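**Q** Residue numbering for the sequence shown follows my numbering, starting at 1 and increasing by one per position.
Backbone N, C-alpha and C fix where the C-beta goes; we use that ideal spot for every residue, glycine too.
All values reported here derive from a predicted model rather than from experimental measurement.
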Amino acid sequence: MANVYLDALLTREDFDTIDEIKNSAKQGSLTISDLRQDDFFYSTLRKPDFQRETNEWSPNKVCELVKSFINGELIPAIILWRSKTGYNFVIDGAHRITALLHCF
């Protein structure tokens, strides 16, 4: 079975390494409504150019993640980095975020 191509769901952007490290340990929670394409937060999501494409997951793997999410099971953290320009770069978790974007 072919893999699901999720790469187009996050805009790629050059990684701005000039940012000052101020709030590097800030934690927060995302809700599924934060990932709606008409939500402000979604418009700030970017994937650094150095990240691999998000096309490794099969449809079954995407379904497993969505079921886990719906059932309230533990899903590994998604690591974001906010640049000085206000973009939220997905450092780890692009497959998880885009799978949820694809399904909701």
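If you scan the segment 35 to 78 from start to end, which runs of the alpha helix (DSSP H) of 4 or more residues do you find wholly inside it?
**A** Here the runs fully enclosed are 40 to 44, 59 to 70.
**Q** Checking the sheet assignment: what are the DSSP bridge partners for Asp92?
**A** Ile79
**Q** Can you tell me where the beta strand (DSSP E) holding Thr11 begins and where it ends?
**A** 11 to 13
**Q** Can you tell me the Cα-Cα spacing of Leu35 and Phe50, whole angstroms?
**A** 22 Å
**Q** Please report how far the alpha carbon of Gly72 lies from the alpha carbon of Ile97, in whole angstroms.
**A** 16 Å
**Q** In whole angstroms, what is the alpha-carbon distance linking Tyr87 and Ile32?
**A** Straight-line Cα distance between these residues: approximately 19 Å.
**Q** What is the DSSP secondary structure of Ser29, reduced to helix, strand or coil?
**A** coil
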